[in-house]
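Asker: Quick note on numbering: the sequence shown equals residues 1 to 510 in full-length UniProt numbering.
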Amino acid sequence: MSQKEKFIQHLADGQIYKKDHIILGTGILDGEALSGATIKIPLKTLNRHGLIAGATGTGKTKTLQVIAEQLSLKGVPSVLMDLKGDLSGLAQPGHANDFILNRSAKIGVEYDPMGLPVELMSISKEKGVKLKATVSEFGPVLISQILDLNSTQQGVIALVFRYCDTHHLPLLDLKDLKRVLQFITNEGKEAIKQEFGQVSAASVNTIMRKIIELEQQGAERFFGEQSFDVNDFVRTKDGKGVISIIRLTDIQSKPKLFSTFMLSILSEIYETFPEQGDADKPKLCLFIDEAHLVFGNASKDLLEKIEAIIKLIRSKGVGVYFCTQTPTDVPDSVLGQLGLKVQHALRAFTAKDRKAITKTAENYPISEFYKTSEVLTSMGIGEALVTALNEKGIPTPLAHTLVRAPITRMDILTASEIDQLVGSSDLVPRYNQDVDRESAFEILNRKMDELEAEQEKANLPGPAARTARRTPQDQSLIEELSKNTMVRQIGRTIFRELTRGILGSFSRKR
Ligand SMILES: Nc1ncnc2c1ncn2[C@@H]1O[C@H](COP(=O)(O)OP(=O)(O)O)[C@@H](O)[C@H]1O
Ligand SMILES: [Mg+2]
């Protein structure tokens with residue numbers, strides 16, 4: 001048997017599937033793309049997460065596009081965090097040219113260009129479905145992370161959430177959060193002191209300043225209602241999985257906002273989706289481009305939470321895929337959990353690069369057919385070293401792969417195509433109205449006004465006496481607040497039915 005025949009046999013033995021799979025490309029040996037060396041990824045293990053790595057321009061984004069396409073064709077929806085804005089082309093058919101037809105012929109797949117169902121989303125000014133979450137839903141841990149708070153300040157935030165939970169003050173947006181912080185150092189100072197002890201005014205001031213900084217980054221667009229229901233990520237259209245592209249081009253320079261946002265989505269999915277058990281295909285796949293932004297800025301505490309969620313979310317049928325330049329951008333504890341590995345070429349410019357290449361090579365199964373570290377630096381564009389998990393959960397043989405070309409457009413949509421896509425969305429009308437229902441800000445303001453009016457009627461002399469009068473009333477004021485707002489709660493943040501989840505964020509389950 002020739003070396004090539006041996007390789008094809010070796011691949012086939014490692015990829016015996018009873019259930020459905022997608023085709024990523026074909027195997028390459030000694031520079032030749034082999035027919036019959038099809039690289040298949042079983043749908044069954046696509047909830048076991050993955051990594052797409054490689055130097056700039058080696059084909060990571062196109063690989064991501066190909067996998068999302070093939071999943072969509074199999075009815076599996078996906079969410080793409082698009083930091084460079086280069087994925088919108090998924091909505092339009094690709095264009096056949098010699099290069100693409102030649103590549104498809106080598107791989108043994110037909111080139112059948114088509115546009116796929118795409119939903120554009122954003123957390124900022126970009127067009128599309130506005131993804132929002134209320135401050136309550138976001139929870140104290142993520143709020144502290146996004147504001148970069150020290151442990152004393154985190155304590156204040158925890159107190160604010162506890163106070164608002166027990167006194168039924170809905171925290172919807174940053175305006176509410178600021179109002180409650182103001183309340184606990186001013187009008188509510190004595191009541192808070194009785195309930196929780198002294199709160200440091202300096203800490204509150206720092207938090208206030210950081211909230212204002214966050215607002216200047218455009219975060220107030222993200223906080224509030226209508227809060228997004230993650231079940232809306234899981235949709236199909238004409239049997240094809242809907243691809244939700246979250247356009248994040250304008251938050252690249254705000255890594256903290258991005259990492260916290262990503263974690264909030266993961267935790268929300270985790271809290272919301274039911275256990276899936278042993279399924280034939282994933283329920284949803286999430287692709288995170290420029291993943292180093294997520295990990296590079298996370299505190300140790302937060303990293304542990306990300307790791308925990310990634311481990312747990314598998315059982316909900318959700319696969320998470322990280323796209324990044326080198327695998328060393330992803331913490332080892334996360335790397336160890338990744339089933340699919342697609343490694344595009346790496347460049348060996350510096351000693352540090354060479355070290356990363358050796359380390360990367362060690363992370364791949366040993367192959368009698370390749371010298372991994374050599375292949376790593378010599379692969380062409382749109383080629384990658386690939387290993388997946390077969391249906392038994394065993395890594396498939398390492399294969400230098402010629403990745404198929406995307407069937408959708410390899411370029412972005414035009415402005416008018418974007419307008420048309422957004423205009424025909426069913427989710428946009430549902431999520432893009434501004435809602436500002438009564439929340440902590442209004443409730444506290446109104447109560448304070450009422451109190452003021454009452455005291456004016458009593459015709460109290462000086463402001464000092466007024467404060468003195470107000471203090472003993474705080475307890476009844478709070479009781480009053482609870483009574484009234486309880487009845488008024490009609491939105492989704494119904495406190496009695498909410499539980500604090502893994503990140504202390506609210507579950508939106510009803
Ligand atoms: N699978 C592929 N099929 C066809 N062309 C590809 C493929 N992968 C990469 N290319 C070509 O290489 C270019 C760079 O790929 P891209 O995925 O944007 O790189 P990266 O994300 O790693 O920076 C693409 O614009 C495309 O022309
Ligand atoms: Mg890219």
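From the three backbone atoms N, C-alpha and C, an ideal C-beta is built for every residue, glycine too.
Relative to ligand 2, is the shortest distance from any of its heavy atoms to the C-beta of Thr61 smaller than 6 Å?
Answerer: yes
Asker: Hey, how far is the Cα of Gly501 from the Cα of Ser144?
Answerer: Any reading at Gly501 needs caution, since the residue's pLDDT is 48, under 50, leaving its predicted position unreliable; the model's value is listed next. About 16 Å.
Asker: If you measure between the beta carbons of Gly224 and Asp173, is that distance less than 7 Å?
Answerer: yes
Asker: With distances taken Cα to Cα, identify the nearest neighbour of Ile443 among Leu389, Lys175, Ser424, Cys285.
Answerer: Lys175
Asker: Short of 6 Å in beta carbon distance, which residues of its chain neighbour Glu480, apart from the five on each side in sequence? Order them along the chain.
Answerer: Only weak support exists for where Glu480 lies, its pLDDT of 49 falling under 50; the value from the coordinates is given anyway. The answer is none, since no qualifying residue turns up.
Asker: Going by CA-CA distance only, name the one from Leu80, Leu71, Ile39 that's closest to Ile288.
Answerer: Leu80
Asker: What is the DSSP secondary structure of Ser482, counted as helix, strand or coil?
Answerer: Only weak support exists for where Ser482 lies, its pLDDT of 45 falling under 50; the coordinates are left without a value.
Asker: Helix, strand or coil: which one does DSSP assign to Met379?
Answerer: Met379: coil per DSSP, three-state reduction.
Asker: Can we count Gly89 as close to ligand 1, meaning its CB is less than 6 Å from some heavy atom?
Answerer: no
Asker: Should Met262 be labelled buried (16 or more other beta-carbon atoms within 10 Å of its own) or exposed?
Answerer: By the beta-carbon neighbour count (other beta carbons within 10 angstroms, threshold 16), Met262 is buried.
Asker: In its own chain, which residues sit with a C-beta less than 8 Å from the C-beta of Ile394, not counting the 5 before and 5 after it?
Answerer: Gly14
Asker: To which residues of the same chain is Cys181 closer than 7 Å at the C-beta, ignoring the five residues directly before and after it?
Answerer: For the sequence presented, residue 181 should be read as Leu rather than Cys. For Leu181, where only same-chain residues beyond five positions count, the Cβ hits under 7 Å are Val160, Val204, Ile207, Met208.
Asker: Which residue or residues does DSSP assign as beta-bridge partners of Gln343?
Answerer: Paired residue(s): Ala53, Leu385.
Asker: Can you tell me which of the three DSSP states Gly14 falls into?
Answerer: DSSP places Gly14 within a helical segment (H, G or I) once states are collapsed to three.
Asker: Excluding the 5 residues flanking Thr249 on each side, which residues of the same chain have their C-beta closer than 6 Å to its C-beta?
Answerer: Gly85
Asker: Between the beta-carbon of Gly94 and the beta-carbon of Pro117, is there less than 7 Å?
Answerer: In this structure, Pro117 does not lie closer than 7 Å to Gly94 by Cβ.
Asker: For Glu275, count the other beta carbons within 10 Å of its own beta carbon; 16 or more makes it buried, fewer makes it exposed. Which is it?
Answerer: In this structure Glu275 is exposed. Its beta-carbon is surrounded by fewer than 16 other beta-carbon atoms within 10 angstroms.
Asker: So is Gln70 buried or exposed if we call it buried at 16+ other beta carbons inside 10 Å?
Answerer: buried
Asker: Are the Cβ atoms of Lys237 and Val422 separated by less than 7 Å?
Answerer: no
Asker: Specify, as a first and last residue, the run of the beta strand (DSSP E) that Val318 falls within.
Answerer: 318-324
Asker: Three-state secondary structure (DSSP) at Ser367?
Answerer: Ser367 falls in the coil class under three-state DSSP.
Asker: In three-state DSSP terms, what is Leu398?
Answerer: coil
Asker: Quick check: Pro406 and Gln92, are their CB atoms within less than 7 Å of each other?
Answerer: The answer is no: Cβ separation not under 7 Å.
Asker: Is the number of C-beta pairs between the region 39-50 and the region 9-25 that are closer than 8 Å three or more?
Answerer: yes
Asker: Where Leu402 and Thr58 are concerned, what is the direct C-alpha to C-alpha distance, given to the nearest angstrom?
Answerer: One C-alpha to the other measures close to 12 Å.
Asker: Going by beta-carbon coordinates alone, are Arg409 and Gly89 separated by less than 7 Å?
Answerer: yes
Asker: Kindly give me the distance between the Cβ atoms of Leu284 and Val318, rounded to whole angstroms, as I take these residues to be in contact under 8 Å.
Answerer: 5 Å
Asker: At the level of alpha carbons, what is the spacing between Glu190 and Ser267?
Answerer: 36 Å
Asker: Three-state secondary structure (DSSP) at Gly296?
Answerer: helix
Asker: With 16 as the cutoff for other CB atoms within 10 Å, does Glu271 come out buried or exposed?
Answerer: buried
Asker: According to the neighbour-count rule (16 or more other Cβ atoms, all chains shown, within 10 Å of its Cβ), is Met1 buried or exposed?
Answerer: exposed
Asker: Are at least three pairs of beta-carbons, each pair with one atom in the region 149-169 and one in the region 193-201, less than 8 Å apart?
Answerer: yes
Asker: Taking the alpha-carbon of residue 511 as reference, which of Glu119, Arg314, Ala12 has the nearest alpha-carbon?
Answerer: A question about residue 511 goes unanswered here, because the residues of the chain that appear run from 1 up to 510.
Asker: What do you reckon, are the CB atoms on Gly54 and His400 nearer than 7 Å?
Answerer: no
Asker: For Ile8 versus Gly25, is the C-beta distance shorter than 7 Å?
Answerer: When the beta-carbon positions are compared, Ile8 and Gly25 stay at least 7 Å from each other.
Asker: By the three-class DSSP mapping on this structure, what secondary structure does Phe223 have?
Answerer: strand
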